[in-house]
Amino acid sequence: MIALKRLPYGFVCRIWALIILAGTGLPAALSQTVLPSDPKATPQTIALNAHLKKLVSKGVMIGHQDDLAYGVQWRYEAGRSDIHDVTGDYPAVYGWEIGGIENDDPVNLDSVPFTAMKTFIREAHERGGIITISWHLHNPLTGKSAWEPAAETVASILPGGKKHAYFTTWLDKVAGFFNSLRSKSGDLIPIIFRPFHELNGDWFWWGGKNCTATEFKQLWRFTINYLRNKKQIHHLLIAYNTDRFAGRDEYLQKYPGNEWVDIMGLDIYQRDNSQQQFLTDINRMLTTLDSVAQENDKLPALTEFGGNLTYTDWWTGTFLPVLLKHRLSYALAWRNAGRKANGEFEYYVPYKGERTANDFKLFYEHPITLFQKDLNKEYLYK
Ligand code: BMA
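Each residue of the sequence shown is one higher than the last, beginning at 1 in the working numbering.
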């Protein structure tokens, strides 16, 4: 132990990685490729990444945003989940959202209290699930929402910008939240962090034409570097993700580099009734995603999706054939908000009695879809 203490931390982590890899049955020759982008990643994060790299050839983990907090026509009922109501099992991946944390709000932008979120995260982790976190952060220049682009916002928070110091106070709060996510035994819970998502769309202040590729890459690298090296946060896998894209150039236009990314993702929703168009689009994009992820040795994922559930067999008739065709680590369905204040009825996985519920059960039973019970056999964090 004394000798170990004198070794650099990164080296000790790599020794850990080799021990973990021995347990996963992965050949040692793969050791470099299964390590997370953070050279100081915690042993549990190294283990998770290695297991994810192995699981990607086994199936697609199905996830759901805010799964444990609420569903259609219920809120905060212990142990409840719409996916569980329908299948008797929980999702493999649990998505959470921390927009609002930067303003010290007690609840996130979708009214989930941060204290409850921490409990849900711990609960899912104890069960062996995977946690991913997105951040619809307010516009730091105008104080308005994430959906309020304003010229020069990204430039204003980069080093030297007039809002830079202010932005770092937001990162301090995020780091504080991440540091509070601990298992029963006190270990930090590994998180897939998905900042600045849908980066090629124009709707968020960090997206599309609202900043240059150079500014975006600077923002990304600054943020991850700050969390890693200033705040010593080493339990993150980082997800880079676009919305729908025309081709690999668009997908990679703002890619910050392999040292800052572990997962390459795509968000896609089937907003209209055209099945054929959706299939053509998603298959094209996933083919590209798979090849860029392979080239960069990253995990491909559908970091958000939503189908058209007016088709009663959407899960086995539309989505499953897509999943069978592509290599994907996970697919995260967006939230079952139910009836929202603006009158919109929003949900992406079936609830009890919903028209696709029976089809979802068939989808659940297919060997390629992985849910919580499938993960329980995998011991992802060891
Ligand atoms: C959108 C909708 C909104 C929500 C936002 C952030 O897709 O679900 O209702 O506020 O995501 O979670």
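We put the beta carbon where it would ideally sit given N, CA and C, even for glycine.
- Relative to the non-hydrogen atoms of the ligand BMA, the Cβ of H136 comes within a distance shorter than 7 Å of at least one.
- In the DSSP assignment, P321 falls within the alpha helix (DSSP H) that extends over L320 to K325.
- For I133, the enclosing beta strand (DSSP E) stretches over residues I130 to S134.
- Taking 8 Å as the cut-off, the Cβ atoms of I131 and I192 count as close.
- Following the DSSP letters along the chain, one finds Y381 in no beta strand (DSSP E), marked with neither H nor E.
- Contact between the region 208 to 221 and the region 266 to 283 is absent: fewer than 3 CB-CB pairs across the two stretches fall below 8 Å.
- Annotation: the continuous alpha helix (DSSP H) that includes R122 extends over F114 to E126.
- Between V93 and G63, the gap from beta carbon to beta carbon is short of 8 Å.
- With contacts defined by Cβ atoms closer than 8 Å, A175 and K231 form a contacting pair.
- In the DSSP annotation of this structure, W220 is not part of any beta strand (DSSP E); the continuous alpha helix (DSSP H) holding it starts and ends at A213 to N225.
- Look at the beta carbons and you see the region 210 to 219 not touching the region 242 to 251: under three pairs across the two are nearer than 8 Å.
- In the displayed model, I282 falls within a helix according to three-state DSSP.
- Runs of the beta strand (DSSP E) lying entirely within the region 254 to 304 and spanning at least 3 residues, in chain order: 263 to 269.
- When secondary structure is reduced to three states using DSSP, W203 falls in the coil class, being assigned neither helix nor strand.
- Distance check between D272 and each of L266, T115, G88 and D281 places D281 closest, using alpha-carbon atoms only.
- Excluding its 5 nearest sequence neighbours in each direction, L141 has C-beta neighbours in its own chain below 6 Å: A150, T153, S156 and K163, listed in chain order.
- The way I'd put it, the region 337 to 350 does touch the region 63 to 74; three or more beta-carbon pairs between them come closer than 8 Å.
- W96 is the residue among M61, Q73, W96 and K298 whose C-alpha sits nearest the C-alpha of R194.
- According to the DSSP assignment, T316 belongs to no alpha helix (DSSP H), since it is labelled neither H nor E.
- A direct Cα-to-Cα measurement between T45 and L35 gives close to 9 Å.
- The residue from L137, V72 and Q73 with its alpha-carbon nearest to that of G100 is L137.
- At a cut-off of 7 Å, the beta-carbon of W334 counts as near the ligand BMA: some heavy atom of the ligand is closer than that.
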